[in-house]
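Read through the structure below, which is laid out as C-alpha cells, and then see the notes.
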C-alpha cells in the first residue's frame with residue numbers, strides 16, 4: 000500500500016479474527032483464552048493460525064526460541080503484540096526470538112534485552128528460493144545485545160517486503176543494529192539508533208530496493224549506514240547478485256556525533272543519499288569503497304542536497 004507516495008506496511012487496516020493470550024504470571028496448562036492464558040509466548044505461537052493476534056500481558060519473559068514457518072496470509076496475518084511493558088530477557092543465554100521462513104507476520108511492542116548473539120533473527124531457513132516474506136516490526140526496542148563479537152540487534156537474511164518503524168536500537172555490541180544479507184523491498188523509517196560501537200544499518204549480500212527514511216542516528220561508532228558491505232560468496236541472495244547492494248535510498252535522516260562515517264557506498268549500485276542532515280561527523284562524511292572482489296563495482300550513486308554541520 001502507498002499513502003502519499005510513501006509505502007505503508009501491509010497490516011494497515013487488517014482485522015484479526017482470533018486472539019490468544021499470554022501472561023507470565025499464569026498457571027501452566029492454560030488454553031490461551033483471556034481467562035486462562037498461556038504462560039509462554041512459544042506456546043501461543045505454536046498454536047497461531049492465519050488471522051491470529053497473540054496478545055502478551057506486561058511482564059518479563061524468557062527466550063521464545065526458534066519458530067519455523069510461522070505463516071499468515073495477506074488478508075489474515077499473524078501478530079505478536081505486547082500489551083504494556085513486555086520484556087524478553089535472556090540473560091545472555093541466547094537470542095530472544097528466531098523466525099525461520101515466516102510470512103505475513105507482525106511483531107509489535109516488545110523490549111528485547113541481554114540477548115546473545117543476536118536479539119531477533121529472521122531468515123529464510125536456508126531456502127534461498129523461498130525468502131521470508133512480509134514482516135513488520137513496530138515499536139520494538141533492543142538494548143544490551145551481544146557479548147563483544149559480531150552480534151546484531153536485528154539479523155535478517157533472505158527477508159523480502161519488510162517494514163521496520165518506530166523502534167529503538169541501543170547498545171548493540173560490535174555488530175550492527177540491523178544487518179541485512181540478501182534482503183529486498185524494505186522500509187526502515189522513524190527509528191532511533193544510538194550509542195553503539197559498531198555500525199547501525201547495513202544492506203549487503205545482494206540486498207536491493209530498500210528505503211531508509213526519517214531515522215535518527217546518534218553516537219554510532221563505525222558506519223551509520225553501510226550501503227553494501229562484504230559478504231562471503233555462498234551467502235548472496237540471489238547467489239548471482241551483481242552487487243553487494245542496489246537501489247538503496249537513504250533520505251531525510253539525521254546523523255549526529257558519527258564515528259567512522261555517516262554513509263559508506265560499499266559496492267552499492269544506483270544508490271542515493273539525499274536530504275539528510277549530518278551533524279558533527281568524525282572521520283568521514285561519506286566514503287566510496289569496494290570490499291568484495293568478484294562483484295560489480297558500485298556506480299550511478301548520488302550524494303545530493305544534504306546539510307553537513309561541523
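Numbering (our numbering), first residue to last: 0 to 309. All C-beta atoms in this analysis are idealised placements derived from N, C-alpha and C, irrespective of residue type, glycine included. Please read all numbers here as calculations on a predicted model, not as lab measurements.
In this model, residue 193 and residue 100 are separated by some 29 Å (Cα to Cα).
Inter-residue distance for residue 242 and residue 127 is about 17 Å (C-alpha atoms, whole angstroms). Per DSSP, residue 42 is one residue of the alpha helix (DSSP H) stretching across 40–45.
Per DSSP, reduced to three states, the secondary structure at residue 232 is helical. DSSP, reduced to helix, strand and coil, places residue 97 within a strand of the structure shown. Between residue 111 and residue 140 a beta carbon distance of about 7 Å is seen, short of the 8 Å cut, so the two are scored as contacting. Under DSSP, residue 199 forms no beta bridge with any residue. By the Cβ rule, the region 26–33 does not count as touching the region 58–68, because fewer than three pairs are nearer than 8 Å. With a minimum length of 3 residues, the unbroken runs of beta strand (DSSP E) contained wholly in the region 115–183 fall at 119–122, 131–137, 140–144, 153–156, 158–164, 167–171, 177–180. Residue 286 carries a strand assignment under DSSP once its states are collapsed to helix, strand and coil.
Here residue 215 is not near residue 238, since their CB atoms are 8 Å or more apart.
For the set 49, 262, 246, the Cα lying nearest the Cα of residue 181 is the one of 246. Only residues of its own chain outside the window of five on either side were considered, and among them 216, 223, 261, 277 have a CB closer than 6 Å to the CB of residue 254, listed in chain order. In this structure, 212 is the residue among 235, 236, 234, 212 with its C-alpha nearest to the C-alpha of residue 272. Collapsing the DSSP output to three states places residue 280 in coil. For residue 243, no beta strand (DSSP E) segment is defined, and its DSSP state is neither H nor E. For the set 49, 66, 64, the Cα lying nearest the Cα of residue 74 is the one of 49.
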